Amino acid sequence: MSNKFVKNEKGFTGLEAAIVLIAFVVVAAVFSYVMLGAGFFTTQKSQEVVHTGVTQASSSVELSGNVISQGGIEGAGTVLNEIDTVDMFMQLTSGGSEVDIGKTLIVVSAPGIPPTELTYVAGVPTASKFGIREAFNDNGDLIVDKGETFDIQIDLDAIANAASTTIGANKDFTVEIKPPSGAPYIVRRVAPPTIKAIMTLV
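This note's numbering numbers the first residue of the sequence shown as 207 and each following residue consecutively.
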């Protein structure tokens, strides 16, 4: 049997093989780049989701020091028998983001007092407003930045009067501070057995 070759028939040369190999390498490189890019994008998005979740799950604010209250007189007597106002010194948590006091909501509740929402007022606190009695190391705005402390004052007497009750000796109350972002910060305190002009609540 004799082999017949067609005239001008070309074989698979080394140059053609090299071109095909280079094409495969280029395609593989592009594919790898696309896959790596997608992987990095997914990782970045996952990190952002985790960071957002942690931020939303943790509060940006905390108390600095004690809760200070002033005693008051309810009725026609002359003996201090109720909590009048409370002062809470608020600062950022370690690593917490800045908080706008003007957009912060405070909710006060106690036995006999339904949850009462308070918003900021540039003046004396009322049954529906909280005020800033003093700010320390501040720059003149309503933003709590790192190193700043704001003395938030709440008129518990006005809030209790609106509910036809008082917060007297041994009575507890709850203050929930809700920044614009992040989890609320909850403060629970109990009035002492004897009401005094100035008290530290624990």
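Just so you know, even glycine gets a beta-carbon here, dropped at the ideal spot from N, CA and C.
On a predicted model such as this, the values are computed, not experimentally measured, just so you know.
Q. Which partner residues of Glu-340 appear in the DSSP bridge assignment?
A. Asp-357
Q) Could you give the C-beta distance for Val-350 and Leu-298, rounded to a whole number, given that I count them as a contact under 8 Å? A) The Cβ separation is near 6 Å, so the contact holds.
Q: Less than 8 Å between the CB atoms is what I'm expecting for Ile-274 and Glu-382, so what's the real figure, rounded?
A: With a Cβ gap of about 19 Å, Ile-274 and Glu-382 do not count as contacting.
Q | Thr-322 and Ser-315 closer than 9 Å at C-beta | A | yes
Q | Near the ligand FMN: Gly-308 beta-carbon under 8 Å from a heavy atom | A | The ligand FMN is not part of this structure, which contains no ligands at all.
Q) Within 10 angstroms of its Cβ, does Arg-394 collect 16 or more other Cβ (buried), or is it exposed? A) exposed
Q. What is the residue span of the beta strand (DSSP E) that Ala-316 lies within?
A. 311-316
Q. According to the Cβ coordinates, are Leu-348 and Gly-308 closer than 9 Å?
A. yes
Q | Anticipated Cβ contact below 8 Å, Pro-385 with Val-305, distance rounded | A | About 5 Å separates the beta carbons of Pro-385 and Val-305, which is inside the 8 Å limit, making them a contact pair.
Q: Identify whether Gln-262 lies in helix, strand or coil by the three-state DSSP scheme.
A: With a pLDDT of 46 at Gln-262, under the threshold of 50, the modelled position of that residue is not reliable, and no figure is offered here.
Q: Determine which residues share a DSSP beta bridge with Tyr-326 and list them.
A: Bridge partners of Tyr-326: Phe-336.
Q.
Taking 6 Å as the limit between beta carbons, can you name the residues of its chain near Asp-156, skipping five residues before and five after?
A. No answer is possible for residue 156: it lies beyond the span of the chain, which begins at 207 and ends at 408.
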